[in-house]
Ligand SMILES: Cc1ncc(COP(=O)(O)O)c(C=O)c1O
Ligand SMILES: Cc1ncc(COP(=O)(O)O)c(C=O)c1O
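Spelled out as structure tokens, the structure:
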């Protein structure tokens with residue numbers, strides 16, 4: 001079996017993993033289905049043996065980098081260790097087999113976990129209520145901004161048509177605002193990575209529905225003027241949205257609720273150590289201050305004297321509603337719950353501390369080997385930005401070249417070209433679960449690459465050399481679209 | 001983290017995967033243990049974080065070939081697909097958590113599986129009784145020969161001090177005979193791969209306790225004179241032992257019981273598709289004819305009107321006893337049971353058929369590309385032997401060189417230099433679970449290697465080139481023993 | 001310190017390098033009065049053993065019932081290989097494949113997934129998944145508004161035979177953009193959406209018609225007619241389908257004369273456990289001409305520097321990280337792992353395996369319906385043929401009957417009292433996991449309960 | 001055809017290549033009258049779904065009891081990472097690492113395992129595992145006979161405080177070679193083996209003395225004295241130890257003045273589930289001077305062609321595949337995967353973690369003993385300190401009491417009636433998995449049962 005084959009290329013007419021299917025059903029038993037509604041040709045799914053499937057996907061998996069194999073310092077992604085214990089707990093038959101619409105009598109164990117998780121997240125964020133249903137950060141953002149909208153609408157405050165977003169914001173922020181029917185107005189960020197307060201004040205007004213921001217920001221620094229920002233937005237009648245993608249940095253140290261945020265989402269697949277799964281699933285619970293409580297998305301878990309209950313539209317008539325068919329990514333929530341109870345109070349506080357320690361250490365060491373910090377006068381939060389603008393100019397190597405070369409050193413590349421306002425940048429987030437040696441090895445690799453950039457830039461242009469493929473032609477991919485295998 | 005480190009080299013004083021241990025116990029609570037019985041220095045186990053462990057062993061695993069990744073045609077080892085369903089079933093909490101000494105009231109589910117498996121194995125081998133306790137093929141052999149000994153002893157037949165073993169036998173056969181207190185006498189094998197019948201007859205006599213053999217033999221061919229052999233041994237008063245390592249070849253086609261064998265072992269980790277786990281665990285159940293029933297090793301599973309029971313020494317006073325503390329490799333037996341019930345009657349018959357088809361096809365194709373069969377006039381059983389004596393002489397490349405070179409083609413090497421009587425040999429067993437394409441790819445690799453052997457033998461001497469290490473220095477390993485890492 | 005590797009020596013060395021006296025110093029940019037207190041309400045940490053024991057005890061509480069509920073989530077046999085492979089660290093702990101060269105595993109899986117789903121639905125292209133079927137329908141509605149150049153409308157037609165949970169999620173997703181969902185009534189005899197009931201909308205501007213097959217009642221709609229009607233009236237046709245059923249039913253790519261424009265559905269039946277509702281994944285396909293309006297990630301096949309085949313994210317100019325406020329959606333993280341599992345599932349089942357799963361579901365449902373209707377006063381509500389769900393009317397109010405059956409560990413279906421004002425009706429589902437004994441046990445229990453429960 | 005990939009086209013093509021008309025033809029060397037019939041007694045095959053359902057139902061039957069049985073198999077917390085890693089296909093489905101270059105993963109794991117076990121036991125070297133602790137003791141006895149050049153004896157001293165199951169397996173393994181196991185009585189007050197009781201054997205030729213720590217009763221032997229006595233009397237000392245206990249107890253490599261010669265034990269407590277008795281693994285270590293007498297596989301560190309570190313099977317001239325009838329043992333397949341799990345377990349626990357597991361086991365056992373002894377008529381039988389097992393005497397015959405407790409889903413220990421003629425005594429074990437509530441529940445249940453059961 002060629003390790004580079006597509007599963008379709010292994011397919012042979014009539015082959016099957018036959019232990020997996022029940023015996024065929026004879027045509028006459030399907031007579032109730034009218035002929036014109038029946039399928040005429042078999043779908044071109046692969047026809048392969050069970051071992052071929054196992055071998056194919058095992059071999060494919062080996063073509064991935066993963067936290068289980070490599071340091072993976074993707075900024076803003078919080079690639080920390082995903083405890084295997086959380087996986088085992090969430091995969092217990094009692095959880096896996098539970099139908100989402102099972103009656104409450106058969107849901108007490110599950111509801112208890114959700115309820116406890118809601119309480120845990122409230123305390124750790126300082127918010128007054130939490131709903132767990134959003135299925136990812138972006139859906140959490142949607143829920144949050146939808147609640148802001150519902151709030152203004154409930155007050156008949158119809159003039160508020162604009163959401164402010166700092167320049168450095170993650171793309172989901174403006175995209176979300178638009179999905180909620182808002183216009184987006186960008187607010188500049190100053191040279192120190194902070195929001196330009198004067199510009200913000202100027203932007204605030206009767207149209208302002210709210211401001212979406214992270215803190216620490218995607219510039220990797222803590223927004224020191226957060227209180228002034230909150231004041232400006234609140235005074236203008238807007239609400240403050242906290243994008244919790246960077247919550248890891250401040251977990252246990254400052255709480256979004258205490259900073260004045262009205263609504264937040266958390267990326268449990270970042271801060272609460274649930275796995276990214278090659279692109280999901282995640283979970284993006286939302287937390288709100290008092291005034292947004294009525295709008296939380298349903299269903300939520302409630303507790304009464306005779307057990308746990310679902311809270312739906314009956315209890316929350318002003319809810320923004322249901323964001324998916326059921327209750328969000330339950331399996332992810334269970335993993336996050338496991339993580340929460342293992343860490344507990346002290347563990348939560350340690351997350352912020354040690355992720356910040358790691359980032360500041362790594363930044364210092366990288367500066368020592370010649371890398372340029374975007375904000376050299378600032379503390380790093382749990383992440384920080386390097387800029388290779390100098391190297392790009394001097395040697396003609398881009399941040400992308402350096403990123404690709406890192407792969408050859410068995411190091412996953414940091415986030416590149418984000419935030420957009422810093423040229424040729426790396427956003428680097430080591431997390432609290434990497435040992436000092438792992439950070440040091442990354443520094444060694446970067447030191448080598450900095451030398452290579454100078455001495456043999458063409459080496460970097462050609463990188464990577466050690467991966468299953470060399471650098472890929474993205475332009476061809478987009479121009480000559482090939483999205484589906486066909487015979 | 002260096003992917004080539006030992007786990008010890010990642011260790012740092014004071015580091016720990018602390019979610020895994022309960023809180024430390026204070027010294028005063030350990031006061032009941034006298035000081036002179038206490039350990040003074042901590043054992044030098046690694047002190048590493050949980051992620052370091054996960055990453056280390058994940059990365060290590062990638063340095064293995066495995067059926068889940070490659071064609072693995074190790075002769076006599078039956079490297080077939082190991083159904084993942086068997087793993088899941090055997091790992092069900094109810095099975096994993098059951099203590100081996102749990103009372104029968106809490107063992108009915110487990111005992112039912114064992115009982116059914118015993119019955120299944122009886123039918124498929126044609127034997128009258130089966131005990132599941134032996135933990136591997138070699139322990140099955142031990143049990144079998146110990147039963148032969150018990151039988152002779154029970155009859156007062158004390159002169160029988162010798163076990164006959166064909167020259168081509170697996171090393172465990174003579175080693176087992178010795179462990180059971182017997183002398184070993186080798187019987188020659190003729191040019192066609194059959195036991196030399198005349199030599200056997202000459203060897204049989206009043207000292208003969210029994211003959212151990214496989215059929216098909218380790219020469220990869222069916223022993224055609226099996227009935228004559230059985231007659232010769234039986235007439236001399238000896239018993240016939242069947243080494244079931246090659247049972248896969250004849251599953252459903254001929255039964256050892258019908259061929260006249262008195263006692264057999266089965267390698268469930270071969271024929272019944274349980275995984276080899278990098279060297280075990282296995283399971284080597286023994287089956288016996290009527291006259292050896294009293295000697296079967298305990299415990300066995302029995303069935304009565306009020307449920308399943310353990311059968312121990314009380315029921316089987318003449319048993320050869322207990323070969324391990326408990327009931328053998330229960331988890332392996334459960335996997336084999338799963339395999340048995342999925343295959344059922346027709347599936348069992350297909351195993352012999354399709355493994356034989358694959359072997360004969362592969363042999364033919366390899367002959368067509370210039371490989372030399374050791375027994376060209378014979379049908380292959382589920383395996384067959386190639387000899388590279390010609391190539392060794394002509395080009396100075398050994399079977400070992402060719403084996404190492406195969407690794408570079410992402411093909412696991414066949415068994416080499418076994419059986420010892422065929423020079424420069426490969427023993428090749430493709431099994432019934434490999435697709436025709438996999439066999440064809442192996443042929444392609446061998447065709448290339450045959451050409452390389454001729455054109456650039458030095459290439460083969462240096463192989464492999466693509467593995468985590470180049471060819472290893474075995475002599476140094478044995479001369480400068482380094483078996484334990486020390487700081 | 002669970003999961004944190006730093007020894008006190010490490011910490012000291014790191015602080016020395018930074019030039020900070022303590023970890024606390026690293027937070028000196030945070031206004032002191034903002035700093036969090038001791039989080040008193042949080043519990044002490046547990047060991048893995050303790051946390052596992054607690055969760056195992058809770059999982060056990062919910063265990064043991066026979067489930068005949070469907071309504072958007074379906075119990076199917078999941079081959080063991082599916083999750084043993086999907087939870088391999090390399091799939092489980094990788095991020096979104098932004099570094100293509102170091103993510104060929106995930107990328108090829110997605111490309112294979114896109115291909116399988118496109119073949120199953122009979123459509124040209126697929127994305128790499130959306131959150132779930134319901135939110136996927138919301139995305140499909142927004143996409144239809146963008147894609148339907150002929151229509152200026154912000155209105156979409158939605159039959160009431162579409163799963164109420166889907167309708168409600170769709171509303172939540174789309175209404176902030178001023179999109180209006182107009183509900184189309186169904187035929188109370190057949191349980192399907194009739195062409196007649198659509199007549200009233202002809203001549204008006206609607207961007208799309210949603211068509212569910214099978215619909216929420218399990219009934220089969222006349223999809224060809226509905227699709228043709230929509231397209232003839234300037235609307236796009238959005239199909240909502242059950243993927244298992246597609247092994248037997250006509251794929252939406254072939255509905256009507258031209259096939260539908262967009263297909264969405266819940267991917268859960270393809271190897272994803274019920275798991276209390278998630279993680280599942282929504283699949284989404286469309287005709288080639290609409291591909292640039294598709295939300296979410298899409299993987300394309302390309303070549304590397306040396307001409308070797310490889311896979312990469314493509315058409316990223318639709319996505320939020322490039323296009324920001326002009327993106328087709330805000331979706332970023334999707335449901336990658338569940339989609340990976342589905343890809344493995346579809347490979348293991350193949351076309352014939354999936355067809356026999358679908359066949360058994362259908363046959364078992366018919367069989368249960370027969371057995372139930374043999375009980376006095378119990379009958380089928382609708383006349384249209386169904387796939388693997390059916391609406392059954394009881395001679396008494398459904399709620400107490402369902403509760404009584406739940407007491408016997410039979411989750412017998414869901415009540416249609418609230419969503420359809422049919423207090424005596426239940427929606428029942430049977431898949432290939434049930435044996436005839438299971439069906440008999442259900443029927444017997446229902447008969448017993450009906451005899452007991454007072455109406 | 002489950003697990004068989006061949007289509008009818010494949011079969012035809014393969015037969016054509018071979019030049020055979022049918023598969024049956026390939027069996028033409030087998031005498032026709034020997035051919036098997038239709039195996040009528042075998043059942044029809046099941047699908048994975050059906051087989052899984054059957055086994056799940058059976059597993060469920062045996063579930064749910066609280067287990068206080070030890071006696072050679074111990075319930076411990078097993079970190080989830082252990083088996084998620086060990087069952088990765090690359091470990092799970094590899095063969096014995098005969099092709100070293102393609103097996104560095106397994107080989108390095110074994111080298112690390114050997115190192116860890118050697119450190120834990122304080123010995124020079126370790127092999128790569130034997131079947132289990134009990135059969136390992138048999139192998140150790142045979143090894144001692146080979147290794148003890150000073151002794152010509154075929155006799156070995158075996159205290160009765162050694163687990164009776166181990167004694168019985170040892171007998172089965174060694175007696176065919178004419179080895180005699182001489183049993184040494186124990187002190188009925190302390191529950192240990194006293195030097196005095198050994199005096200009688202002085203001056204006679206025995207090859208070895210077996211020393212179990214803790215012994216079967218959970219009691220701690222005076223291992224220094226016993227080791228010195230054995231070696232002073234020309235015997236090798238064979239230690240049988242519990243690996244968990246070694247985090248707290250003196251390692252056998254330090255017993256007496258010179259340490260023992262051979263150590264064996266059951267590796268199950270190191271991350272291997274109870275699993276009805278297997279697969280477990282036996283560990284086996286020895287002093288350097290005896291290494292060539294060791295049975296089983298041994299891995300050595302070496303270098304490759306380029307000087308790079310690598311691992312390989314070594315000292316193979318001891319093994320059956322090379323040495324055949326002159327091998328140190330017939331062992332071939334061992335317990336590789338369980339040993340792999342143990343290696344991961346030891347890495348996760350580390351020296352401190354293992355010590356706290358051992359500490360909790362000890363403390364919990366003391367605590368339970370106290371609680372039980374607070375019940376009228378219940379008392380400890382032996383006075384010696386124990387590790388994590390203890391012998392408790394009941395005021396009534398043990399068997400019916402145990403049965404009554406089992407009815408309440410408490411597996412309260414095992415009876416010593418048969419092996420030690422102590423009908424009222426039970427051997428009880430508590431590990432770190434039990435909470436104080438669990439212990440209280442046991443004590444209450446026992447009190448209740450004693451009040452009920454007639455003596
Ligand atoms: C700052 C920020 N906000 C929002 C998101 C979106 O979260 P998700 O991918 O879970 O939708 C991300 C994720 O990358 C992020 O980094
Ligand atoms: C012919 C033969 N006999 C016996 C054995 C020994 O079996 P095991 O390794 O399970 O002890 C083998 C295993 O390789 C074998 O091939």
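Residue numbers (our numbering), protein chains in the order written: chain A, 1 to 487; chain B, 1 to 487; chain C, 1 to 455; chain D, 1 to 455. Just so it is clear, CB atoms sit at the ideal spot from N, CA and C, and this is done for glycine as well.
Which residues in chain A have a C-beta closer than 7 Å to the C-beta of residue 51 (chain B)? List them in chain order. For this step, residue 51 (chain B) is matched to residue 51 along the second chain. Chain A residues near residue 51 (chain B): 81 and 433.
Residues of the stretch 45 to 78 of chain C with Cβ closer than 9 Å to any Cβ of chain B, in chain order: 45, 46, 47, 48, 49, 50, 51 and 56
Please tell me whether, using a cut-off of 8 Å, the distance from the CB of residue 340 (chain C) to the nearest non-hydrogen atom of ligand 1 is below it. On the third chain, position 340 is the one that residue 340 (chain C) refers to. Checking every heavy atom of ligand 1 against the Cβ of residue 340 (chain C), none is found closer than 8 Å.
Taking DSSP as the reference, what is the three-state secondary structure of residue 131 (chain A)? For the purposes of this step, residue 131 (chain A) is taken as the residue at position 131 of the first chain. Of the three classes helix, strand and coil, the one that applies to residue 131 (chain A) here is strand, per DSSP.
Once DSSP output is grouped into helix, strand and coil, what is the label at residue 106 (chain D)? As a position in the fourth chain, residue 106 (chain D) is number 106, starting the count at 1. Note: residue 106 (chain D) maps to helix in three-state DSSP.
So with Cβ pairs under 9 Å, would you call residue 430 (chain C) a contact of chain A? Here residue 430 (chain C) corresponds to residue number 430 of the third chain, with the count starting at 1. Closer than 9 Å: no.
Residue 215 (chain D) lies in the alpha helix (DSSP H); which residues open and close that run? As a first step, residue 215 (chain D) is located in the fourth chain; it is residue number 215 there, counting from the start. Where residue 215 (chain D) is concerned, there is no enclosing alpha helix (DSSP H), given that its DSSP letter is neither H nor E.
In the stretch 211 to 248 of chain B, which residue ranges form an unbroken beta strand (DSSP E) of at least 3 residues, counting only runs that do not cross its ends? 239 to 244
Nearer than 8 Å: is that true of the beta carbon of residue 218 (chain A) relative to any heavy atom of ligand 1? For the purposes of this step, residue 218 (chain A) is taken as the residue at position 218 of the first chain. Because some heavy atom of ligand 1 lies under 8 Å away, the Cβ of residue 218 (chain A) counts as near it: yes.
Would you kindly work out how many angstroms separate the C-alpha atoms of residue 135 (chain B) and residue 106 (chain B), rounded to a whole number? Position 135 of the second chain, counted from the start, is the residue given in the question as residue 135 (chain B). Position 106 of the second chain, counted from the start, is the residue given in the question as residue 106 (chain B). The straight-line gap from Cα to Cα measures roughly 23 Å.
Burial state of residue 182 (chain D) (16 or more Cβ within 10 Å): In the fourth chain, residue 182 (chain D) corresponds to position 182, counting from 1. So residue 182 (chain D) counts as exposed.
Report yes if the CB atom of residue 120 (chain A) is closer than 9 Å to the CB atom of residue 341 (chain A), and no otherwise. The residue given as residue 120 (chain A) occupies position 120 in the first chain. The residue given as residue 341 (chain A) occupies position 341 in the first chain. Taking 9 Å as the Cβ cut-off, residue 120 (chain A) and residue 341 (chain A) qualify as a contacting pair.
What residues from the stretch 275 to 308 of chain D come within 8 Å of chain A, judged by C-beta to C-beta, listed N to C? none
With 16 other CB atoms within 10 Å as the buried threshold, where does residue 167 (chain D) fall? Within the fourth chain, the letter at position 167 stands for residue 167 (chain D). Answer is buried; the Cβ neighbour count reaches 16.
Given that residue 24 (chain B) touches chain C, what residues does it touch there, using C-beta distances under 7 Å? The residue given as residue 24 (chain B) occupies position 24 in the second chain. Going along chain C, no residue has its Cβ under 7 Å from residue 24 (chain B), so there is no contact; the nearest lies around 12 Å.
Ligand 2 heavy atoms versus the CB of residue 127 (chain D): any closer than 8 Å? As a working mapping, residue 127 (chain D) is identified with position 127 in the fourth chain. Residue 127 (chain D) Cβ: outside cutoff for every heavy atom of ligand 2.
Buried/exposed call for residue 125 (chain B), threshold 16 Cβ in 10 Å: Working through the second chain from its first residue, we reach residue 125 (chain B) at position 125. The residue in question, residue 125 (chain B), is buried, as its Cβ has 16 or more Cβ neighbours within 10 Å.
Residue 456 (chain A) at chain C interface by Cβ criterion, 9 Å: Position 456 of the first chain holds residue 456 (chain A). So no, residue 456 (chain A) is outside the interface.
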